[in-house]
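Below is one structure; the comments refer to it alone.
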Amino acid sequence: MKKHETWRIVQTRFGHVQISNLHGKNEMVENIRIACFLANKLGYSIVLLARPEHLKTPDSKNVTLNIFQEYKVNKTPTKSAIDNMLRYASKQADHIILEIQSEISDGDLRRGIYERMLRTPNVKTLCIIKHDIITRYEREQILDKDWKL
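Residue numbers (our numbering): 18 to 166.
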């Protein structure tokens with residue numbers, strides 16, 4: 018029997034987040050936190066989407082920007098962890114939000130991002146959340162040889 022989709026709305030100071038009850042249970046808490054942070058900090062209207070079984074789909078639709086986004090949280094401080102997260106995220110959306118919770122060095126973070134972006138031509142933007150600061154990068158910026166975090 019197919020589950021009925023319902024919605025819950027969380028108001029933030031400057032935006033709001035709409036959450037499907039069919040959003041992935043394993044990642045719901047982290048995704049709500051990230052979506053609320055983005056909505057509150059940047060005034061976005063965000064929808065956390067239902068997660069169909071056995072399909073790779075984005076976590077959210079940023080209604081304000083009219084794009085689908087995939088959220089990833091880095092807890093392992095290695096270049097390969099960043100590479101793997103971006104590889105998986107790129108199969109779900111062209112716009113990625115990467116929250117850094119590990120103590121990864123800027124050099125490893127930069128190399129992990131740069132090397133994966135060379136191999137994932139569909140990714141258009143990457144937003145990095147680190148220490149409650151959001152930095153947005155376009156693909157072209159990241160692929161510039163002088164790119165710095």
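For every residue, glycine included, the Cβ atom is placed at its ideal position computed from N, Cα and C. All figures in this text were calculated on a predicted structure; none of them were measured in a lab.
**Prompt:** Which stretch, first to last residue, makes up the alpha helix (DSSP H) that contains Gln158?
**Reply:** Gln158 -> alpha helix (DSSP H) spans Arg156 to Leu160.
**Message:** Runs of 3 residues minimum, wholly inside the stretch 81-146: which ones carry the beta strand (DSSP E) assignment?
**Reply:** Uninterrupted beta strand (DSSP E) stretches at least 3 residues long and entirely within the stretch 81-146 occur at 84-91 and 112-117, given in chain order.
**Prompt:** From what residue to what residue does the beta strand (DSSP E) around Arg50 run?
**Reply:** From DSSP, Arg50 is part of no beta strand (DSSP E) but of the alpha helix (DSSP H) over Met45 to Leu59.
**Request:** Report the rounded CA-to-CA distance for Ile99 versus Arg30, giving the unit in angstroms.
**Result:** So the two alpha carbons sit approximately 31 Å from each other.
**Prompt:** Leaving out the 5 sequence neighbours to the left and right, which residues in its chain are closer than 8 Å to Asp123 when beta-carbon positions are compared?
**Reply:** Cβ within range, chain order: Leu166.
**Asked** Using a Cβ-Cβ cut-off of 8 Å (strictly less than) and excluding sequence neighbours within five positions of Lys78, which residues of its own chain qualify?
**Response** Result list for Lys78: Ile63, Val64, Leu66, Ile84, Phe85 and Gln86, in chain order.
**Prompt:** Is it true that the stretch 153-162 meets the stretch 124-143, where meeting means three or more beta-carbon pairs spaced less than 8 Å apart?
**Reply:** Under the three-pair Cβ rule at 8 Å, the stretch 153-162 counts as touching the stretch 124-143.
**Item:** Under the three-state DSSP convention, the category Trp164 falls into
**Value:** DSSP places Trp164 in coil when its eight states are reduced to three.
**Prompt:** Using the rule of at least 16 other Cβ atoms within 10 Å of the residue's Cβ for burial, across every protein chain shown, is Asn91 buried or exposed?
**Reply:** Counting of Cβ neighbours within 10 angstroms places Asn91 among the buried residues, the total reaching 16 or more.
**Asked** Assuming Asn38 contacts Glu22 under a Cβ cut-off of 8 Å, what Cβ separation, rounded to an integer in Å, is found between them?
**Response** That pair is a contact at about 6 Å.
**Item:** Candidates Arg136, Trp24, Pro94 and Lys20, of which the one nearest Leu160 by Cα
**Value:** If we check each option's Cα against that of Leu160, Arg136 comes out closest.
**Prompt:** From what residue to what residue does the beta strand (DSSP E) around Arg25 run?
**Reply:** Per DSSP, Arg25 belongs to the beta strand (DSSP E) from Trp24 to Gln28.
**Message:** For Leu65, list the residues DSSP reports as bridge partners.
**Reply:** Beta-bridge pairing links Leu65 to Ile36 and Ser77.
**Prompt:** Just how far apart, CA to CA, sit Glu70 and Gly41?
**Reply:** Between Glu70 and Gly41, the C-alpha separation is close to 9 Å.
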